[in-house]
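Q:
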């Protein structure tokens, strides 16, 4: 035996030589007990058989150990055929090679070595089974602990901690795949913070090698190994890493990460370590999958709860909004108007409701708690829909509110505004839309009724102006049923929108927009004249017709001026021209009044001026403009001379004669008085009476010309010989 061989021999228990009670052959017939006892019995029996000292040795983990007996020569490492030794598997019997042993005895010694080798294998199996059972118990405990954890981060930490213990390592980390990298998600035992932040691509370090190949990888000397990249050598130096082992984490065949351990001491990871770590990796993958599924399930459950709560809230909102919609529709059908809608909503929701017009002014409002003072009286005309922050009136600060525009006939009338009470934001938003719809329906109903009434009134107007006598009489009855009074002095207004086509071309209006402007002009006229005496009004094309009642010249001029101003305020640049008839006492005469208004409008076009002409103020011009079939000549004479003729007849006067003498004297009062043989003061008194009866101002040339022409026509119409 060489010195190195002697140094590798460990003496467990030297046994003194004594004669055996049984022979070696008899001993081999029984089953061996425990290995030390069996080895001692074999050593004793073999010494008795051979007559020399003999030692029994077993080789474990590369080293020989003496189990029993003594020998001057330690157990060699031959193949068992040399002198002084027999060997069977890990067992060897040795003696002094100078002692001759008979072949038969040598065979028995070899059988004894086989008998002990079987005992060694049996003990190895028992020990292996015990170790496997212990390892199984440990794995079972590890698996139970891993599978009991539900949080992914806790699972990863538990995996790293258990693997660290099972592999007797100093550092353990779990790296999970993120695209083309694996990132450290959990690390225990590290000294440097960068270790817990590791990111590796394929081929970088041990984990990167596993990522690249998909197979377990290990290094026995990290800083000297040439099979791994040099990317993390600086970190290995800081952590004092000596060896490393990494295995892949796979889930249903898909690579999801790496499980890796490091040791700071010189060591070699055995195949058993690799198998144990692969087993741990398999269970770790299951635990990760379970934790992920649990997280997914937890998220799904939480989302389902949120969804359920949201659905319950939506159902509640739908129930409230459905009830509100039902109440609002009933309110709209009752036809009670916008104030009733505001009151209904405020009562149902316990909030403040404001309805604003097109100009942003408050039209209707209601509050269940009576705090209407907090609602602003005006808001911006184009307030955006949805939730807004509303500045309250009287310095009340700001509050959340919900607004929605209100439309009628395609035009935005204004908006509704709801100040939140105790209701949810979702209900307030839905309610705002429902209130806006109810307001639109109410306005549409009102406008439909107004339109139907307006159409009926227009038909009445045109029947009065253009229909035969029986239609005019029937139209007067229909007007009375529509609460339109046609009594007293009736005048016809006839106007024209002079430059509407020009404005349409300038502003690129289409036909619908031009028609809309016409409707707006008529609506403005009807709105402005609610208390001015315009009984009926209509618009055909660019022509406007209307009837007024009981207005004198000044009153009708004021009316037309107000209408023109209102229309121009709504549509800047629009020009209107008007003609106005004389006053007529009977609706049967209205077609003639229409012709008079048309004549006055024609005079306005030709003569200019302020674009408002009264027929009775046209003088001789109206005779020149009237049609040949119009009996306007006698009307003209009657207008000027009728009051004088009637006065002379009833008072035996001489006003007509006096007026004729005044003109024949070239409007000289003294000369006319001389020709009439009266005092000049008497003449002056008579001229004053004439002015009072006819309205003629004889100091004006136009009035003189009218009066003179009327007197001459009157003279031509006189037929009696006694007529002056």
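Residue numbers (our numbering): -17 to 706.
Ideal Cβ positions, reconstructed from N, Cα and C, are used throughout, including at glycine.
Return the residue from the list 207, 689, 498, 565 that minimises the CA-CA distance to residue 642.
A: The residue with the shortest Cα to Cα distance from residue 642 is 689.
Q: Are the segment 430 to 439 and the segment 320 to 331 in contact at 8 Å, needing three or more beta carbon pairs?
A: At 8 Å Cβ cutoff, the stretches do not touch.
Q: Would you mind sorting residue 371 into buried or exposed? The rule is 16 or more other CB atoms within 10 Å of its CB.
A: Exposed: under 16 other Cβ atoms inside 10 Å.
Q: Would residue 477 pass as a contact of residue 559 if the rule is Cβ separation under 8 Å?
A: Yes, Cβ-Cβ distance for residue 477 and residue 559 is below 8 Å.
Q: Please return the same chain residues whose Cβ sits closer than 7 Å to the Cβ of residue 187, not counting the five positions on each side in sequence.
A: Here the set comprises 210, 211, 213, 214.
Q: Specify whether the segment 420 to 434 and the segment 372 to 391 touch according to this definition: at least 3 beta carbon pairs, one from each stretch, less than 8 Å apart.
A: They touch, by the three-pair rule.
Q: Please decide whether residue 654 counts as near chain D, where near means a Cβ-Cβ distance under 8 Å.
A: Among the protein chains of the structure shown there is no chain D, as only one such chain exists.
Q: Just curious, the beta strand (DSSP E) that residue 83 is in, first and last residue?
A: Unbroken run through residue 83: none, as it is neither H nor E.
Q: Per DSSP, which one or two residues make a beta bridge with residue 342?
A: Residue 342 is not bridged to any residue.
Q: When you compare only the Cα positions, how much space is there between residue 373 and residue 443?
A: In a straight line, the C-alpha of residue 373 is about 49 Å away from that of residue 443.
Q: Under 8 Å by Cβ, that's how I've got residue 237 and residue 185 pegged, so tell me the actual separation to the nearest angstrom.
A: At roughly 14 Å, the Cβ-Cβ gap does not stay under 8 Å, so residue 237 and residue 185 are not in contact.
Q: Enumerate, from N- to C-terminal direction, the unbroken beta strand (DSSP E) stretches of 3 or more residues contained entirely within the segment 429 to 488.
A: With a minimum length of 3 residues, the continuous beta strand (DSSP E) runs that stay inside the segment 429 to 488 are 472 to 479.
Q: Hey, out of 397, 432, 384, 395, whose CA is closest to residue 412's CA?
A: Nearest of 397, 432, 384, 395 to residue 412, Cα basis: 384.
Q: So, under 8 Å CB-CB, residue 720 and residue 142 are touching, yes? Tell me the CB distance rounded to an integer number of Å.
A: One cannot answer for residue 720 here, as it falls past the ends of the chain, which runs -17 to 706.
Q: Once you ignore the five residues that flank residue 164 on each side, which residues in its own chain have a CB closer than 7 Å to its CB?
A: Here the set comprises 157, 158, 182, 189, 193, 239, 240.
Q: Name the one or two DSSP bridge partners that residue 74 has.
A: Its beta-bridge partners are 39, 69.
Q: Specify, as a first and last residue, the run of the beta strand (DSSP E) that residue 45 falls within.
A: That run of the beta strand (DSSP E) goes 45 to 51.
Q: Among 562, 486, 570, which has the Cα closest to the Cα of residue 500?
A: Selected option, being the one with the closest Cα: 486.
Q: Which residues does DSSP list as the beta-bridge partners of residue 530?
A: According to DSSP, residue 530 bridges with 473, 516.
Q: Alpha carbon to alpha carbon, how far is residue 472 from residue 517?
A: Between residue 472 and residue 517, the C-alpha separation is close to 10 Å.
Q: Decide yes or no for the touch test of the segment 302 to 313 against the segment 160 to 174: beta carbon pairs closer than 8 Å, at least 3 of them.
A: Flag = no, the segment 302 to 313 and the segment 160 to 174 do not touch.
Q: With DSSP run on the structure shown, which of helix, strand or coil describes residue 566?
A: Correct three-state label for residue 566: strand.
Q: CB of residue 621 to nearest heavy atom of the ligand HEM: below 7 Å?
A: No copy of the ligand HEM occurs in the structure displayed, which carries no ligand at all.
Q: Check whether the Cβ atoms of residue 489 and residue 557 sit closer than 8 Å, and answer yes or no.
A: For residue 489 and residue 557, no; Cβs fall outside 8 Å.
Q: Counting pairs of Cβ atoms below 8 Å between the segment 222 to 234 and the segment 279 to 289, do you hit three or more?
A: No, the segment 222 to 234 does not touch the segment 279 to 289.
Q: With DSSP as the reference, label residue 243 as helix, strand or coil.
A: Looking at residue 243 - three-state DSSP - the assignment turns out to be strand.
Q: In the DSSP assignment, the beta strand (DSSP E) including residue 389 goes from what residue to what residue?
A: It spans 380 to 390 - the beta strand (DSSP E) in which residue 389 sits, taken as one unbroken run.
Q: Whole angstroms is fine: what's the gap from residue 658's alpha carbon to residue 578's?
A: The alpha-carbon atoms of residue 658 and residue 578 are separated by roughly 38 Å.
Q: Tell me residue 225's beta-bridge partners as DSSP assigns them.
A: Bridge partners of residue 225: 245.
Q: For residue 623 versus residue 696, is the C-beta spacing smaller than 8 Å?
A: For residue 623 and residue 696, yes; Cβs fall inside 8 Å.
Q: According to DSSP, what are the bridge partners of residue 393?
A: For residue 393, which the question treats as bridged, DSSP gives the partners 390.
Q: With a 10 Å radius around its C-beta and 16 neighbouring C-beta atoms as the bar for buried, classify residue 19 as buried or exposed.
A: The residue is exposed, with fewer than 16 neighbouring Cβ atoms inside 10 Å.
Q: From 349, 406, 305, 40, pick the residue whose C-alpha is nearest to that of residue 292; which is it?
A: Considering only alpha carbons, the answer is 406.
Q: What residues match up with residue 490 in a beta bridge as DSSP calls it?
A: BP columns for residue 490 are empty, so no partner.
Q: Is the Cβ-Cβ distance between residue 572 and residue 585 less than 8 Å?
A: The answer is no: Cβ separation not under 8 Å.
Q: Buried or exposed, going by whether 16 or more other CB atoms sit within 10 Å of the CB of residue 364?
A: Burial call: exposed.
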